[in-house]
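Report on one structure; see the data block that follows.
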Amino acid sequence: MCLLISFCYFCTSFCTMDRRIKIEEPVKNELERFNREFADALKSDTRTLQSAIDHLQHSSGKHIRPLLLLLTARACGAITDNSIDSAVLLELLHTATLIHDDVIDETKQRRGVPSVNALFDNKIAVLVGDYVLSTALIRSIATQDLRIIGIVSNLGCDLSDGEIKQLETAREVILDEERYMQVIRKKTAVLLSACTEIGAITAGADAETVNRFRAFGENLGYAFQIKDDIFDYFREANIGKPTGNDIREGKVTLPLLFALEHCPGRVRAACCETLRNKDFTEENIDSLIRLAKEHKGIEYAEEKMRAYRDRAVGLLGDFPDSPAKTGLLELADYIIERKK
Numbered sequence: 651m652c653l654l655i656s657f658c659y660f661c662t663s664f665c666t667m668d669r670r671i672k673i674e675e676p677v678k679n680e681l682e683r684f685n686r687e688f689a690d691a692l693k694s695d696t697r698t699l700q701s702a703i704d705h706l707q708h709s710s711g712k713h714i715r716p717l718l719l720l721l722t723a724r725a726c727g728a729i730t731d732n733s734i735d736s737a738v739l740l741e742l743l744h745t746a747t748l749i750h751d752d753v754i755d756e757t758k759q760r761r762g763v764p765s766v767n768a769l770f771d772n773k774i775a776v777l778v779g780d781y782v783l784s785t786a787l788i789r790s791i792a793t794q795d796l797r798i799i800g801i802v803s804n805l806g807c808d809l810s811d812g813e814i815k816q817l818e819t820a821r822e823v824i825l826d827e828e829r830y831m832q833v834i835r836k837k838t839a840v841l842l843s844a845c846t847e848i849g850a851i852t853a854g855a856d857a858e859t860v861n862r863f864r865a866f867g868e869n870l871g872y873a874f875q876i877k878d879d880i881f882d883y884f885r886e887a888n889i890g891k892p893t894g895n896d897i898r899e900g901k902v903t904l905p906l907l908f909a910l911e912h913c914p915g916r917v918r919a920a921c922c923e924t925l926r927n928k929d930f931t932e933e934n935i936d937s938l939i940r941l942a943k944e945h946k947g948i949e950y951a952e953e954k955m956r957a958y959r960d961r962a963v964g965l966l967g968d969f970p971d972s973p974a975k976t977g978l979l980e981l982a983d984y985i986i987e988r989k990k
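Here our numbering is used: the first residue of the sequence shown is 651, the next is one more, and so on.
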């Protein structure tokens, strides 16, 4: 039985890898350049800082954001030096926010490896995050494009505002789907929309096309975050973070929000008491996860996720066909079908 499970996991991983290779094909050479420049972007002669940077380089994620930007630029005309610089700066900005988020959430693991704050301490992690953020801002200035600098500046404000709004929501136990959507817009959707908007800008696209791709990225961002939130309800998911972690941090995401709206009043009252008291024992977390599943919260979240994917795909319906457009459509499917 264990051998069969291992074989099935190997097959799934292989198919996922093969799919990523297909999606990346239209921008393969540019992605290789991005990887080189991203690796070269962070250097320091301070021993502790360089040690943290080395750890970041070896634990970097799927690079969905630069892939999205480069495919957009290719679909809109051509990938330029500014496209590469922008892909690097947005991934640096994303990396900085992850480092700071781990400090705020006291997260000890990311993508299955120790977080920077777990390896060092919070002080070092905050400073490393600041260093990475500053490096991203330097890259944005290097583009010499005020539109890009403006988008990145607004993005920094939105990401911080989204994180604070999420902390307020958890602290005050605000159980409201509209509030949840506001949070994930500023935490995730604005970042993916910045990738597609800047990708179109660097390719020289007209204003209408830039706006179309900005909306494409935003809808994709909603789908991406809802998928991430769904992962939290499955203990067997190989996702690189503890299952139930969102609930443990007081974050009530879409599956549980829906279940609380549709469960008996006495059950809702008991769950709300658990959330208000921050009584997150393993037993209580299991109970909340079970509630989300039994009252169709997962199905509801998946339906919303697919609706956002469909909106994103619809925006490119009449856009000229090309390998890059095909890659973007495949990436939209990959985002909602991924296993981690």
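The beta carbon of each residue, even a glycine, is placed where N, CA and C say it ideally should be.
Next on the checklist: On the CB-based measure, 16 or more other CB atoms within 10 Å of its CB, does GLY779 come out buried or exposed?
Outcome noted: buried
Next on the checklist: Is it buried or exposed, GLN794, if we count other Cβ atoms within 10 angstroms and call 16 or more buried?
Outcome noted: exposed
Next on the checklist: Excluding the 5 residues flanking LEU978 on each side, which residues of the same chain have their C-beta closer than 8 angstroms to its C-beta?
Outcome noted: So the qualifying residues of the chain are LEU718, LEU721, THR722, ALA725, PHE866, LEU966.
Checklist entry - So does the stretch 730-742 actually touch the stretch 858-865, counting three or more Cβ pairs closer than 8 angstroms? => result no
Checklist entry - CB-CB under 7 angstroms to GLN700, same chain, minus the five flanking residues each way: which ones, in chain order? => result SER694
Checklist entry - Which first and last residues belong to the alpha helix (DSSP H) in which LYS815 is found? => result 796-821
Next on the checklist: For chain B, check one thing: does any of its Cβ atoms lie closer than 9 angstroms to the Cβ of ALA873?
Outcome noted: Absent from the structure is chain B; it holds one protein chain and no more.
Item to check | Length of the line joining the Cα atoms of TYR781 and HIS945 | outcome: The alpha-carbon atoms of TYR781 and HIS945 are separated by roughly 45 angstroms.
Next on the checklist: In whole angstroms, give me the CA-to-CA distance for ALA887 and ILE985.
Outcome noted: In this predicted model, ALA887 has a pLDDT of only 48, less than 50, meaning its place in the structure is not dependable enough to derive any value.
Checklist entry - Measuring CB to CB, does ILE673 end up less than 9 angstroms from LEU925? => result no
Item to check | Residues near THR903 by beta carbon distance below 6 angstroms, same chain, minus five either side | outcome: ASP879, ASP896
Next on the checklist: Quick check on HIS750: buried or exposed, where buried means 16 or more other Cβ atoms within 10 Å of its Cβ?
Outcome noted: The residue in question, HIS750, is buried, as its Cβ has 16 or more Cβ neighbours within 10 Å.
Next on the checklist: Taking 8 angstroms as the cut-off, does the stretch 900-918 touch the stretch 927-945 (at least 3 CB pairs, one atom from each stretch)?
Outcome noted: yes
Item to check | Separation of GLY900 from THR819, as counted between CA atoms | outcome: 9 angstroms
Item to check | Residues bridged to PRO764 [DSSP beta-bridge criterion] | outcome: Beta bridge pairing from DSSP links PRO764 with GLN759.
Checklist entry - Just the Cα atoms here: how many angstroms apart are ALA919 and GLU911? => result 11 angstroms
Next on the checklist: Please report the distance separating the alpha-carbon of GLU987 from that of ASP771.
Outcome noted: 35 angstroms
Checklist entry - So LEU742 and ARG797 are in contact, right, with Cβ under 8 angstroms, and what is the actual spacing, rounded? => result Between ARG797 and LEU742 the Cβ distance is about 19 angstroms, and since that is not below 8 angstroms, they are no contact.
Next on the checklist: Please identify the residue among THR785, ALA768, HIS744 whose C-alpha is closest to the C-alpha of ASP808.
Outcome noted: HIS744
Checklist entry - Closest by CA to GLU949, which one among ASN679, THR893, LYS877? => result LYS877
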